[in-house]
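Report on one structure; see the data block that follows.
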Amino acid sequence: MTSLNLPFTRLNMRRRYESWFLRFGLAGNSGAWWLRYLLANPGREGCPSLPGAGPVQIWATWFPRDGQPETFIQEFPLGALRISDRRGPFFLEAGPNRIEDASCRGALDVREHRLSWDLHYRSNFGITLSNKGWIGFSRTPHSDAVFSGEIRLDDQVFRGDPLGFGVQGHNCGFRHRHFWTWTHACFPQSDGRLSTFEALVYEMPLGLLFRTAILWHEGRAYVFRKLRETCRDAKAMRWIFRTISKAGSIEVEIEGSGPSLHHMPYAKTDCSGTFEVANNSLARARLKLRLGNSAQNPAQEEEFVTDGGAVLEMTGDY
Numbered sequence: 001m002t003s004l005n006l007p008f009t010r011l012n013m014r015r016r017y018e019s020w021f022l023r024f025g026l027a028g029n030s031g032a033w034w035l036r037y038l039l040a041n042p043g044r045e046g047c048p049s050l051p052g053a054g055p056v057q058i059w060a061t062w063f064p065r066d067g068q069p070e071t072f073i074q075e076f077p078l079g080a081l082r083i084s085d086r087r088g089p090f091f092l093e094a095g096p097n098r099i100e101d102a103s104c105r106g107a108l109d110v111r112e113h114r115l116s117w118d119l120h121y122r123s124n125f126g127i128t129l130s131n132k133g134w135i136g137f138s139r140t141p142h143s144d145a146v147f148s149g150e151i152r153l154d155d156q157v158f159r160g161d162p163l164g165f166g167v168q169g170h171n172c173g174f175r176h177r178h179f180w181t182w183t184h185a186c187f188p189q190s191d192g193r194l195s196t197f198e199a200l201v202y203e204m205p206l207g208l209l210f211r212t213a214i215l216w217h218e219g220r221a222y223v224f225r226k227l228r229e230t231c232r233d234a235k236a237m238r239w240i241f242r243t244i245s246k247a248g249s250i251e252v253e254i255e256g257s258g259p260s261l262h263h264m265p266y267a268k269t270d271c272s273g274t275f276e277v278a279n280n281s282l283a284r285a286r287l288k289l290r291l292g293n294s295a296q297n298p299a300q301e302e303e304f305v306t307d308g309g310a311v312l313e314m315t316g317d318y
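Our numbering applies: residue 1 is where the sequence shown begins, and numbers increase by one.
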C-alpha cells in the first residue's frame, strides 16, 4: 500500500506548503497535543521578508485542560532538511526532529522552554479526503490513531501506552484556501476500538465548495458528500450540520469555544503576509448517527459524545 505521507513538494518549488501533523488527546483527559512538521516555499528559502516564515518549521502546541494553550515553533534552514523522495519510504528530518509513517520525535528549545517527544502510533484506517492535483490535497494516513511514548515539557512528563488518541494528517497546496472548516473527533467504543469522524469544507474556484465527511465505525468507512450546514460561527467556534448518503445520516455539533481556543498566524505562500487560523484541539463533539434505511438494512440509531476528544479548526468567511 502506498504511504499517504509521501511528499509532493520538490525542493525547487518556490510557492508551496506541505505539512505533516498530529493531534491527540491524552488518555488521562488532562489535555491535548498538536505537533506539526512544515515545509514552506523551499525554492526561495521560505519567506525571507516575513518574520517566522522559514522554509522548515517544527510546531508544538500544548492544550492543557484547565489553562491557555501555548505554541512553540522552531525554524530550520533548508540545508538542515532531509526528506524522502516520492517513492519512499517516507521520512522528514530537521535537526533532532523526524517524522516517519508510524513514529516521530522532536526536540525544541524555545523561549527558555525545553520540549521533546518520542512517539509511535498505529491505526486501522487512512484515507484521502481531497486530491486536486498540483492545487493541493488533504490526506489522513492515521484516522483512528493510538499514540504511545513520551512527551517532556520542562518538568512535566507525559508518558503512556496508550498515551492518547487522535489523528495524523498530511496536507499540501499551492496556496492556503481563503476559508476552511475542519474537524476530527475520536469516540472510544466499549470493545476497545475507536470510531472517528472527520469533515472538511473549503472554497474552490467558480464559487464552488468542497464538502466531505468520513465516518470510521465498527471497521467500516462511510463517505458523505452532502453536508447541510445550519451554523458555522467562527467567532463562537461552533459548527452544526447534517450529512447524508445512501448509508444513512449523521447530525453533527462541534463546539470549540472556551479557554482552549487558540489563534495562530499562518504565512501566505506568496509571502504577502499572514492570516489567522483558529484551532481548538480540546473541542466538544456530539454525533447522532443513523445508519441503514431499507427493509433489508433497518436503521440503527446511536449517539456519540466527547468532551475534549475532537479538534475544530476554522479560518475565513464563506
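Just so you know, even glycine gets a beta-carbon here, dropped at the ideal spot from N, CA and C.
*Looking only at its own chain, which residues have a Cβ that is under 6 Å from the Cβ of Arg75, when we skip the five neighbours before and after it?*
Translated into the one-based positions of the sequence shown, residue 75 becomes position 75. What sits at residue 75 in the sequence shown is Glu, not Arg. These residues qualify, in order along the chain: Gly54, Gln57.
*8 Å contact criterion, which Glu198 and Ser143 should meet: CB distance rounded*: As a working note, residue 198 is residue 198 in the sequence shown. As a working note, residue 143 is residue 143 in the sequence shown. Between Ser143 and Glu198 the Cβ distance is about 6 Å, and since that is below 8 Å, they are a contact.
*asked:* By DSSP's criteria, Arg139 is part of a beta bridge. Which residues make up the other side?
replied: In the sequence shown, residue 139 corresponds to position 139, counting from 1. Answer is Thr128, His170.
*Count the C-beta pairs between the stretch 111 to 119 and the stretch 198 to 208 that are closer than 8 Å, then say yes if the count reaches three, no if not.*
no
*When burial is assigned at 16 or more other CB atoms within 10 Å of the CB, is Asn5 buried or exposed?*
Numbered from 1 along the sequence shown, position 5 holds the residue referred to as residue 5. Under a 10 Å Cβ-count criterion, Asn5 is classified as buried, with 16 or more other Cβ atoms of the shown protein chains found around its own Cβ.
*Fully enclosed by the stretch 40 to 84, which beta strand (DSSP E) runs are 3 residues long or longer?*
With a minimum length of 3 residues, the continuous beta strand (DSSP E) runs that stay inside the stretch 40 to 84 are 56 to 64, 70 to 76, 81 to 83.
*Do you know offhand how far Met264's Cα is from Ala278's?*
Within the sequence shown, numbered from 1, the residue matching residue 264 stands at position 264. Within the sequence shown, numbered from 1, the residue matching residue 278 stands at position 278. If you take the alpha carbons of Met264 and Ala278, they lie about 6 Å apart.
*Looking at the structure shown, is Leu261 part of a helix, part of a strand, or coil, going by DSSP?*
Translated into positions along the sequence shown, residue 261 becomes position 261. For Leu261, the three-state secondary structure derived from DSSP is coil.
*Rounded to a whole number of angstroms, what is the C-alpha to C-alpha distance between Gly219 and Asp161?*
Counting from one through the sequence shown, the residue named residue 219 turns up at place 219. Counting from one through the sequence shown, the residue named residue 161 turns up at place 161. Distance between the alpha carbons of Gly219 and Asp161 is about 22 Å.
*When the Cα atoms are used, what is the spatial distance from Gly169 to Thr140?*
As a first step, residue 169 must be located in the sequence shown, where it is residue number 169. As a first step, residue 140 must be located in the sequence shown, where it is residue number 140. If you take the alpha carbons of Gly169 and Thr140, they lie about 4 Å apart.
*Going by the beta-carbon positions, is the gap between Thr315 and Phe179 smaller than 8 Å?*
If you number the sequence shown from 1, residue 315 lands on position 315. If you number the sequence shown from 1, residue 179 lands on position 179. Their beta carbons are under 8 Å apart, which means Thr315 touches Phe179 by this criterion.
*Considering only residues of the same chain and omitting the five flanking positions on each side of Ser148, which have a CB-CB separation below 6 Å?*
Here residue 148 refers to the residue found at position 148 when the sequence shown is read from its first residue. His120, Asp161, Pro162, Leu163.
*Residue range of the beta strand (DSSP E) that His113 falls in?*
The count along the sequence shown starts at 1 and reaches residue 113 at position 113. Residues 113 to 122.
_For Leu26 and Ala80, what's the separation of their Cα atoms in angstroms?_
Against the sequence shown, residue 26 aligns to sequence position 26. Against the sequence shown, residue 80 aligns to sequence position 80. For Leu26 and Ala80, the distance between alpha carbons rounds to 31 Å.
_Could you compute how far the alpha carbon of Asp118 sits from the alpha carbon of Ser281?_
Position 118 of the sequence shown, counted from the start, is the residue given in the question as residue 118. Position 281 of the sequence shown, counted from the start, is the residue given in the question as residue 281. Spanning the two alpha carbons is a distance of roughly 20 Å.
*State buried or exposed for Cys47, treating a residue as buried only when at least 16 other CB atoms are found within 10 Å of its CB.*
Taking the first residue of the sequence shown as position 1, residue 47 is located at position 47. Around the beta carbon of Cys47, 16 or more other beta carbons sit within 10 angstroms, so the residue counts as buried.
*Hey, quick one: how far does the beta strand (DSSP E) through Pro7 stretch, first residue to last?*
As a first step, residue 7 must be located in the sequence shown, where it is residue number 7. Where Pro7 is concerned, there is no enclosing beta strand (DSSP E), given that its DSSP letter is neither H nor E.
*Within 8 Å, strictly: CB atoms of Cys186 and Phe158*: Numbered from its first residue, the sequence shown carries residue 186 at position 186. Numbered from its first residue, the sequence shown carries residue 158 at position 158. For Cys186 and Phe158, no; Cβs fall outside 8 Å.
*Classify Gly106 as buried or exposed, calling it buried when 16 or more other Cβ atoms lie within 10 Å of its own Cβ.*
Within the sequence shown, the letter at position 106 stands for residue 106. Classification for Gly106: buried.
*Are there 16 or more other CB atoms within 10 angstroms of the CB of Cys172, so buried, or fewer, so exposed?*
For the purposes of this step, residue 172 is identified with residue 172 of the sequence shown, where counting begins at 1. Classification of Cys172: buried, given that the 10 Å Cβ count is 16 or more.
*The beta strand (DSSP E) spanning Leu312 covers which residue range?*
The residue given as residue 312 occupies position 312 in the sequence shown. Run containing Leu312: 300 to 315, per the beta strand (DSSP E) assignment.
*Would you mind stating whether Leu200 and Ser138 have Cβ atoms separated by less than 8 Å?*
Indexing the sequence shown from 1 puts residue 200 at position 200. Indexing the sequence shown from 1 puts residue 138 at position 138. Yes. Within cutoff.
*8 Å Cβ cutoff met for Trp62 and Pro69*: Stepping through the sequence shown from its first residue, residue 62 is reached at position 62. Stepping through the sequence shown from its first residue, residue 69 is reached at position 69. Yes, the pair counts as a contact, with Cβ atoms nearer than the cut-off.
*What does a CB cutoff of less than 6 Å around Leu11 pick up in its chain, not counting 5 residues either side in sequence?*
Position 11 of the sequence shown, counted from the start, is the residue given in the question as residue 11. Only Pro42 meet the Cβ criterion.
*Assign Pro77 to one of two classes, buried (16 or more other C-beta atoms within 10 Å of its C-beta) or exposed (fewer than that).*
Reading the sequence shown from its first residue, position 77 is the one you call residue 77. With fewer than 16 other beta carbons inside 10 angstroms of its own, Pro77 counts as exposed.
*Cβ shell of Pro64 (< 6 Å), same chain only, five flanking positions each side left out*: Start at 1 with the first residue of the sequence shown, and residue 64 comes out as number 64. These residues qualify, in order along the chain: Gly31.
*Between Asp307, Arg175, Ile214, which lies nearest to Thr243 when the distance is taken from Cα to Cα?*
On the sequence shown, position 243 is the one that residue 243 refers to. The shortest Cα separation from Thr243 among Asp307, Arg175, Ile214 belongs to Ile214.
_Cβ shell of Asn124 (< 6 Å), same chain only, five flanking positions each side left out_ = The count along the sequence shown starts at 1 and reaches residue 124 at position 124. Excluding residues within five positions, the ones whose Cβ falls inside 6 Å are Asp144.
*Reduced DSSP category for Gly160 - H, G, I as helix; E, B as strand; rest coil*: The residue you call residue 160 lines up with position 160 of the sequence shown. DSSP places Gly160 in strand when its eight states are reduced to three.
_Using the Cβ count rule (16 or more neighbours within 10 Å means buried), how would you classify Arg86?_
Here residue 86 is taken as the residue at index 86 of the sequence shown, counted from 1. With fewer than 16 other Cβ atoms within 10 Å, it is exposed.
*asked:* Applying the 10 Å Cβ sphere with the 16-neighbour rule, what's the burial state of Cys231?
replied: On the sequence shown, residue 231 is found 231 positions in, with the first residue counted as 1. So Cys231 ends up on the exposed side.
*For the candidate residues Lys132, Arg193, Gly136, whose alpha-carbon lies nearest to that of Tyr17?*
Here the question's residue 17 lines up with position 17 in the sequence shown. Ranking Lys132, Arg193, Gly136 by Cα distance to Tyr17 puts Gly136 first.
*List the DSSP bridge partners of Arg232.*
Locating residue 232 in the sequence shown gives position 232, counting from the first residue. As computed with DSSP, Arg232 is found in a beta bridge with Trp239.
*According to DSSP, is Pro205 helix, strand or coil?*
Numbered from its first residue, the sequence shown carries residue 205 at position 205. Correct three-state label for Pro205: helix.
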